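Worksheet for the structure shown next.
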Amino acid sequence: MAAHDKAFFDAWFTTKAPQQPLGFVIRPPETDALYFSAGDQLTFELILFGSANEVRDDFFASIWQWGALGLGPKRAPFKVVSIDAVLPGITQPIFLAGMPPLEEPPIASVGEWLDHDLHQLNWTPNSERVCLNVRALTRIVLKQENGKLLEAPSLDTFVSAIERRLQLLIRWYFDDDKQLFELIRQARPNLPESHLISSVQFSEWMRPQKSTGQDLPFGGLLGQWSYVGHVQAAIPWLILGKLLHVGSKSSFGLGQYDFSFAALAESYQMTG
Numbered sequence: 057m058a059a060h061d062k063a064f065f066d067a068w069f070t071t072k073a074p075q076q077p078l079g080f081v082i083r084p085p086e087t088d089a090l091y092f093s094a095g096d097q098l099t100f101e102l103i104l105f106g107s108a109n110e111v112r113d114d115f116f117a118s119i120w121q122w123g124a125l126g127l128g129p130k131r132a133p134f135k136v137v138s139i140d141a142v143l144p145g146i147t148q149p150i151f152l153a154g155m156p157p158l159e160e161p162p163i164a165s166v167g168e169w170l171d172h173d174l175h176q177l178n179w180t181p182n183s184e185r186v187c188l189n190v191r192a193l194t195r196i197v198l199k200q201e202n203g204k205l206l207e208a209p210s211l212d213t214f215v216s217a218i219e220r221r222l223q224l225l226i227r228w229y230f231d232d233d234k235q236l237f238e239l240i241r242q243a244r245p246n247l248p249e250s251h252l253i254s255s256v257q258f259s260e261w262m263r264p265q266k267s268t269g270q271d272l273p274f275g276g277l278l279g280q281w282s283y284v285g286h287v288q289a290a291i292p293w294l295i296l297g298k299l300l301h302v303g304s305k306s307s308f309g310l311g312q313y314d315f316s317f318a319a320l321a322e323s324y325q326m327t328g
């Protein structure tokens with residue numbers, strides 16, 4: 057992308073002001089493969105937030121040009137087969153090889169996604185005792201005062217990270233509105249204590265950076281963990297975190313997770 061449009065690359069990919077997130081997330085393909093043969097297809101998701109949608113055509117043009125420039129150390133060429141807009145409940149083609157691109161790709165708000173996902177989960181606010189199961193799909197990098205968090209976060213810590221992510225994206229790519237931030241703060245539930253069950257490890261990974269020749273630390277949490285208790289009110293927040301990604305380096309695919317929940321009988325007792 058830098059070779060295609062240096063100004064565009066600098067505006068969206070270089071270091072920003074302190075605490076400013078990038079206006080996009082690249083969700084990597086769900087594969088562990090490191091090598092690909094001619095004809096193999098790769099699928100990834102690009103999420104643009106707020107005002108970043110104003111430059112989506114530049115993103116598309118850069119990706120198309122990127123194919124001619126090649127990928128990897130040997131500059132292997134590739135071509136874009138299709139680009140789809142993923143909306144709540146539907147997928148709409150934006151570009152198909154051999155056809156003109158759609159002039160006005162549709163956009164969905166976070167609120168529309170939240171309503172859709174809550175409906176899909178058949179969620180209603182209540183005080184049921186539940187087990188919330190979280191599974192990291194990519195490394196999750198959460199920080200505390202003395203460095204990176206090396207174990208599964210408490211539910212309050214996890215929701216705090218999601219709230220912080222939401223507020224920073226709104227501040228930089230929507231509207232720096234103190235009243236809106238206050239409404240978000242008020243919407244955050246007072247969560248009772250929950251029992252944490254964890255099967256998590258901190259997985260280190262050093263990502264090569266071609267521009268400096270140095271490796272960047274991209275280590276984070278992998279595995280799954282559960283919260284058991286009267287924590288139904290946290291479910292909308294976990295949906296938000298799933299949509300936005302959570303923690304550091306989320307623009308490049310980190311911080312992606314999935315979750316599920318199940319109601320528990322009040323007589324259910326923890327063991328061990």
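Take the sequence shown: its letter number 67 is residue 123 in this note's numbering, and every next letter is one higher. Even glycine gets a Cβ: it sits at the ideal position worked out from N, Cα and C. Keep in mind it's a predicted model, so treat the numbers as computed, not measured.
{"Check": "Let me know the secondary structure DSSP gives residue 230 once reduced to three states.", "Outcome": "coil"}
{"Check": "Grab the span of the beta strand (DSSP E) containing residue 255 for me, first residue to last.", "Outcome": "251 to 259"}
{"Check": "Which residues does DSSP list as the beta-bridge partners of residue 147?", "Outcome": "142"}
{"Check": "Could you have a look at residue 264 and say whether DSSP puts it in helix, strand or coil?", "Outcome": "strand"}
{"Check": "Taking C-alpha atoms, which residue in 286, 75 and 229 lies nearest to residue 245?", "Outcome": "286"}
{"Check": "Between residue 164 and residue 144, which are expected to be in contact by the criterion C-beta below 8 Å, what is the C-beta distance as a whole number of angstroms?", "Outcome": "6 Å"}
{"Check": "Starting from residue 292, follow the alpha helix (DSSP H) in both directions and report where the run begins and ends.", "Outcome": "291 to 300"}
{"Check": "Evaluate contact between the segment 135 to 144 and the segment 253 to 266, counting only Cβ atoms and requiring at least three cross-stretch pairs below 8 Å.", "Outcome": "no"}
{"Check": "Out of 228, 137, 132 and 124, state which residue places its alpha-carbon closest to the alpha-carbon of residue 108.", "Outcome": "228"}
{"Check": "What residues in its chain sit with their C-beta under 6 Å from that of residue 230, if we drop five residues either side in the sequence?", "Outcome": "106"}
{"Check": "Note down, one range per segment and in chain order, each alpha helix (DSSP H) of at least 4 residues found wholly within the segment 196 to 242.", "Outcome": "211 to 229"}
{"Check": "Can you tell me whether residue 173 is helix, strand or coil according to DSSP?", "Outcome": "helix"}
{"Check": "Going by DSSP, what residue range makes up the alpha helix (DSSP H) through residue 165?", "Outcome": "Careful: residue 165 lies outside any alpha helix (DSSP H) and carries neither H nor E."}
{"Check": "So for residue 117, helix, strand or coil by DSSP?", "Outcome": "helix"}
{"Check": "What residue from 84, 203 and 296 has the CA that sits closest to residue 273's CA?", "Outcome": "203"}
{"Check": "Determine the extent of the beta strand (DSSP E) in which residue 83 is found, giving its start and end residues.", "Outcome": "80 to 83"}
{"Check": "Straight-line CA distance for residue 239 to residue 113?", "Outcome": "33 Å"}
{"Check": "On the three-state DSSP scale, how would you describe residue 110?", "Outcome": "helix"}
{"Check": "Are the CB atoms of residue 194 and residue 275 within a distance shorter than 8 Å?", "Outcome": "no"}
{"Check": "Can you tell which of 269, 320 and 174 has its C-alpha closest to the C-alpha of residue 282?", "Outcome": "320"}
{"Check": "Residue 288 and residue 210 - do their beta-carbons sit closer together than 8 Å?", "Outcome": "no"}
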